[in-house]
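Reviewing the structure listed below.
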Amino acid sequence: MAVERTLSIIKPDATGRNITGRINTQFEDAGLRIIAQKRLRLTREQAEAFYAVHSERSFYGDLCEYMSSGPVVAQVLEGENAVALHREIMGATNPANAADGTIRKQFGLNVQENSVHGSDSPENAAQEIKFFFGDRDIVG
Ligand code: CMP
């Protein structure tokens with residue numbers, strides 16, 4: 027399996043409950059390395075740009091409002107098969123459908139406030155990483 031990088035975002039519901047460290051522990055325990063990380067607050071415009079792929083979806087406005095409502099922690103995770111592994115650890119988008127032990131099952135509140143975001147393919151990961159980080163911000 028190839029070593030990959032993926033973009034992870036710890037969302038406002040999780041930063042608000044001060045569980046950033048507990049989520050990071052789960053990534054590290056699974057073998058993912060946090061090779062870049064920063065806490066920031068997205069503007070509404072930045073959230074709209076990041077989630078532009080969902081712009082036709084009914085939840086787009088609410089999603090962008092929510093993602094700009096408080097701090098997020100953006101991070102680059104690296105490891106074997108990182109994109110799929112990260113998605114496995116996160117669990118299903120809707121916490122109600124997420125498997126036991128996953129982050130969204132443990133911490134997610136609902137389909138919107140689901141604590142974490144992860145890239146869905148290596149190609150999208152490369153784009154999403156560029157949205158938040160320059161080459162010099164990433165130390166593998
Ligand atoms: P995320 O992985 O960040 O990608 C898009 C986000 O839209 C998703 O997680 C959810 O937080 C949010 N969302 C809100 N409503 C829905 C919905 N009905 N279906 C899918 N995603 C939703």
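Residue numbering for the sequence shown follows this note's numbering, starting at 27 and increasing by one per position.
A virtual CB, placed ideally from N, CA and C, is assigned to each residue, including glycine.
None of the values given here were measured: they were computed from a predicted structure.
### Task
Determine the DSSP secondary structure at G57, reduced to helix, strand or coil.
Taking the sequence shown and counting its residues from 1, the one referred to as residue 57 is at position 31. Looking at G57 - three-state DSSP - the assignment turns out to be coil, as it is neither helix nor strand.
### Message
If you reduce the DSSP assignment to three classes, tell me which class R113 lands in.
### Response
Looking up residue 113 in the sequence shown gives position 87. DSSP places R113 in helix when its eight states are reduced to three.
### Task
Give the straight-line distance between the Cα atoms of E106 and I60, rounded to the nearest whole angstrom.
Working through the sequence shown from its first residue, we reach residue 106 at position 80. Working through the sequence shown from its first residue, we reach residue 60 at position 34. Each residue's alpha carbon lies about 13 angstroms from the other.
### Message
Suppose you measure from the CA of N150 to the CA of V165; what does that come to, to the nearest Å?
### Response
For the purposes of this step, residue 150 is identified with residue 124 of the sequence shown, where counting begins at 1. For the purposes of this step, residue 165 is identified with residue 139 of the sequence shown, where counting begins at 1. Between N150 and V165, the C-alpha separation is close to 20 angstroms.
### Task
Check whether the region 31-42 touches the region 134-148, counting contact only when three or more Cβ pairs, one atom from each stretch, lie closer than 8 angstroms.
yes
### Message
On the DSSP bridge list, what partners appear for R65?
### Response
For the purposes of this step, residue 65 is identified with residue 39 of the sequence shown, where counting begins at 1. According to DSSP, which records beta bridges pairwise, R65 is partnered with V99.
### Task
Compute the distance between the beta-carbons of T32 and S147, then report whether it is under 7 angstroms.
The residue labelled residue 32 in the question sits at position 6 within the sequence shown. The residue labelled residue 147 in the question sits at position 121 within the sequence shown. No, these two residues do not count as a Cβ contact at 7 angstroms.
### Message
For the pair the region 64-80 and the region 116-124, tell me if three or more CB-CB distances fall below 8 angstroms.
### Response
no
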